[in-house]
């Protein structure tokens, strides 16, 4: 992948004005959020070093689904998602990464009245917030998307401001753009984080004192901050996905009753969920998908998209497991957790789709701007007991 220069990516409202001169920042985590924040900080003139224990996008970002939409009933969530969609569009291109426009559909079956009512209410609230969202019953959905089986569908919502991208490509692009803007990238470099003063400790014991540390290390974020004496109310949990042969042009779909999502993919279709509602070990979780998950999801996908024959195990070309992070209120932890220490975690599986906007807002906060009050990580003490809840849901937070 070619490295985009600043002129290719600095478009419209994304252009900063060098407010970061003289500021030294360490970003821990070369995933989508960390790479985006590093790019925006470096463009602003900050001296940025990005550390990662592995390679770029080697954690959650490299295992994400890449589905992007603004279909959130909450006004703030919708605003952030809408900004992210616009930035995906602005940053994508032939020499960067592909953002493919594609409608997003979420639906409930006729025997699932609770979720059907929830979808109707979600669409109504989205429309109140200015989100382009429509409500359709089964017959109308079939006319719009003939690839979907709809004879058992009670209601569906459709969001037009949606699409998909390859998370690893996006992250590599933004990491390359960050280095092109002057950032230093140190992969295969596990570090420790400390506060008062803000610093990272390299594997050789060397200490890198900085003005600010941003920890955006996915499921390891909580542990890194705990070692620095800063507790976060966050738990990692395991999810699963697969790639399979098939031909699907549109839509992206979340079957709320069937509890799975799917989207078109260059190699066929990508589908998943497989959420385990228990805490996972970031260093010891099983990265391979369970055989039972593959067999069960084959049936659900084939039911919803009959033209895709997943009757045999050979139809699945790849399957895997990754980690998401959960919080007590299912909203992320984004912003300052201590003077000079910032965090981005707890995205409930929605981190990649928000990365362009969250990274931009984090960079602005580190440079002295306002944070996102509703996502303030200090709203919790860090020792709260809570149950893990999956991110893709029709239930309100």
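Residue numbers (our numbering): 1107 to 1503.
Each residue gets a CB set at the ideal place from its N, CA and C atoms; glycine is no exception.
- Looking at the DSSP output, residue 1174 bridges to 1269.
- Counted as a single uninterrupted DSSP element, the alpha helix (DSSP H) harbouring residue 1139 occupies residues 1138 to 1149.
- In this model, residue 1365 and residue 1402 are separated by some 11 Å (Cα to Cα).
- Residue 1347 is bridged by DSSP to 1378, 1426.
- A straight-line Cα-Cα distance of about 21 Å links residue 1382 and residue 1212.
- Considered as a whole, the segment 1269 to 1326 harbours 1273 to 1286 as its complete alpha helix (DSSP H) runs of no fewer than 4 residues, in chain order.
- Just measuring C-alpha positions, the residue of 1327, 1386, 1308, 1224 sitting nearest residue 1345 is 1386.
- The C-beta of residue 1409 has fewer than 16 other C-beta atoms within 10 Å across all chains shown, which makes the residue exposed.
- Within its own chain, the residues whose Cβ lies closer than 6 Å to the Cβ of residue 1170, once the five positions on either side in sequence are excluded, are 1273, 1458, listed in chain order.
- Fewer than three beta-carbon pairs drawn from the segment 1431 to 1440 and the segment 1291 to 1311 are found closer than 8 Å, and the two stretches are therefore not classed as touching.
- By the Cβ criterion, the segment 1441 to 1448 is in contact with the segment 1476 to 1483, since at least three pairs of Cβ atoms, one from each stretch, lie closer than 8 Å.
- Annotation for residue 1465: no beta strand (DSSP E) segment contains it, though the alpha helix (DSSP H) segment containing it runs 1457 to 1472.
- Ranked by how close their Cα comes to the Cα of residue 1430, the residues 1448, 1415, 1411, 1452 have 1452 in first place.
- Under the DSSP definition of a beta bridge, residue 1256 lacks any partner.
- Counting other Cβ atoms within 10 Å of its Cβ, residue 1219 stays below 16 and is therefore classed as exposed.
- The continuous stretches of alpha helix (DSSP H) do not include residue 1453, and DSSP gives it neither H nor E.
- Here residue 1415 is exposed: its Cβ has fewer than 16 other Cβ atoms, across all protein chains shown, within 10 Å.
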